[in-house]
Structures are given as C-alpha cells and as structure tokens.
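K.L.:
My questions all concern the structure below.
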Amino acid sequence: MVPLQFLLNFILCLFTLSWIDLIIPPKFTKKLKKMDSIKGSFVHLECIVSGSHPISIQWYKDGQEITASEKHKYSFHDNTAFLEINNLEGTDSGSYTCEATNKAGSNQCSGFLTVKGLSSFFVLC
Numbered sequence: 050m051v052p053l054q055f056l057l058n059f060i061l062c063l064f065t066l067s068w069i070d071l072i073i074p075p076k077f078t079k080k081l082k083k084m085d086s087i088k089g090s091f092v093h094l095e096c097i098v099s100g101s102h103p104i105s106i107q108w109y110k111d112g113q114e115i116t117a118s119e120k121h122k123y124s125f126h127d128n129t130a131f132l133e134i135n136n137l138e139g140t141d142s143g144s145y146t147c148e149a150t151n152k153a154g155s156n157q158c159s160g161f162l163t164v165k166g167l168s169s170f171f172v173l174c
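Quick note on the numbering used here: the sequence shown kicks off at 50 and runs consecutively.
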C-alpha cells in the first residue's frame with residue numbers, strides 16, 4: 050500500500066510540472082481601432098498582447114508585410130506592440146494588422162487608418 054502523503058506529493062509534482070510547461074498563446078488585451086490622421090503628419094498604432102514569451106510581432110498593411118524603414122518604425126516591449134508611420138500620404142490609408150506569434154500559436158488584430166488631406170481655405174480680412 051502506498052502512503053497517502055506520497056500520492057499527494059506525486060500529484061502536486063505533476064500539477065506543478067504541467068503548470069510550468071504550459072505555454073499560453075498570444076491574445077490581444079488592447080486591440081487596434083479605426084483611426085483618422087492628416088496627410089503629412091504621423092500616426093502611432095499600438096496594441097497590447099498577453100501570452101507566453103518569447104512573442105514575435107509582425108505588422109501588415111492590406112495583407113502585405115511591412116518592413117522597417119524611415120517611414121515605418123515598429124517595436125515590441127512590455128507586451129505592447131507599436132507601429133509609427135511617418136510623413137503620411139493618401140496611399141497610407143488602409144487596413145493595418147498586428148500579428149503576434151509564439152510556440153503556442155498566433156493571433157491577429159486589425160484596425161483601419163484613413164489619411165485625410167488638408168483642406169484649403171482663405172480668411173478674408
């Protein structure tokens with residue numbers, strides 16, 4: 050007969066190992082939203098991701114991968130994914146997607162950016 054304390058310790062050990070080995074897939078706790086901005090300015094997109102690390106982040110515009118450049122700068126720290134788009138043009142309007150990936154899987158969130166031109170007007174004095 051196996052002592053009860055031994056069984057309890059064994060079960061606790063199995064539970065602890067399972068908990069340590071548990072890898073949680075990415076989940077967005079703050080998602081992208083619809084945004085409007087003005088031509089010539091910049092916009093800062095941000096979303097927050099939970100899940101087991103390491104998490105890799107990739108950004109897309111209208112389904113096409115965005116590469117880092119002077120125009121597009123992105124980073125990921127403190128579970129927050131950032132994308133900055135500089136010198137906005139009308140062609141920057143579109144659907145932006147952040148994809149987070151780790152060993153347990155991947156997840157995406159999207160938001161739409163509309164770039165508006167400056168309206169010309171005159172003030173008569």
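In this text, a Cβ means the ideal position worked out from N, Cα and C, and glycines have one as well. A quick note: this is a predicted structure, and the numbers were derived from the prediction, not measured.
Do PHE77 and ASN156 count as a contact pair if the criterion is CB distance below 9 Å?
P.N.:
Position 107 of the sequence shown, counting from 1, holds the residue named residue 156. Position 28 of the sequence shown, counting from 1, holds the residue named residue 77. Yes, the Cβ-Cβ distance between ASN156 and PHE77 is below 9 Å.
K.L.:
Would you kindly report the start and end of the unbroken beta strand (DSSP E) that includes SER144?
P.N.:
Indexing the sequence shown from 1 puts residue 144 at position 95. SER144 -> beta strand (DSSP E) spans 143-151.
K.L.:
Mind reading off the beta-carbon distance from GLY139 to ASP111? Whole number of angstroms is fine, and I expect it under 8 Å.
P.N.:
Reading the sequence shown from its first residue, position 90 is the one you call residue 139. Reading the sequence shown from its first residue, position 62 is the one you call residue 111. No, GLY139 and ASP111 are not in contact; Cβ-Cβ is about 14 Å, not under 8 Å.
K.L.:
In this structure, what does DSSP give as the bridge partners for LYS165?
P.N.:
Counted from its first residue, the sequence shown places residue 165 at position 116. Answer by DSSP bridge pairing, in chain order: ILE87.
K.L.:
If I'm right that THR146 touches TYR109 with Cβ under 8 Å, what's the distance once you round it to whole angstroms?
P.N.:
Along the sequence shown, one-based indexing puts residue 146 at 97. Along the sequence shown, one-based indexing puts residue 109 at 60. Rounded, the Cβ-Cβ distance is 4 Å, consistent with contact.
K.L.:
Under 9 Å, do MET84 and LEU162 count as touching if we go by C-beta distance?
P.N.:
The sequence position of residue 84 within the sequence shown is 35, counting from 1. The sequence position of residue 162 within the sequence shown is 113, counting from 1. Taking 9 Å as the Cβ cut-off, MET84 and LEU162 qualify as a contacting pair.
K.L.:
Please report how far the alpha carbon of LEU94 lies from the alpha carbon of GLY154, in whole angstroms.
P.N.:
Taking the first residue of the sequence shown as 1, we reach residue 94 at position 45. Taking the first residue of the sequence shown as 1, we reach residue 154 at position 105. Cα to Cα, the separation comes out at about 23 Å.
K.L.:
State the DSSP-derived secondary structure class of THR116, mapped to helix, strand or coil.
P.N.:
As a first step, residue 116 is located in the sequence shown; it is residue number 67 there, counting from the start. It is coil, neither helix nor strand.
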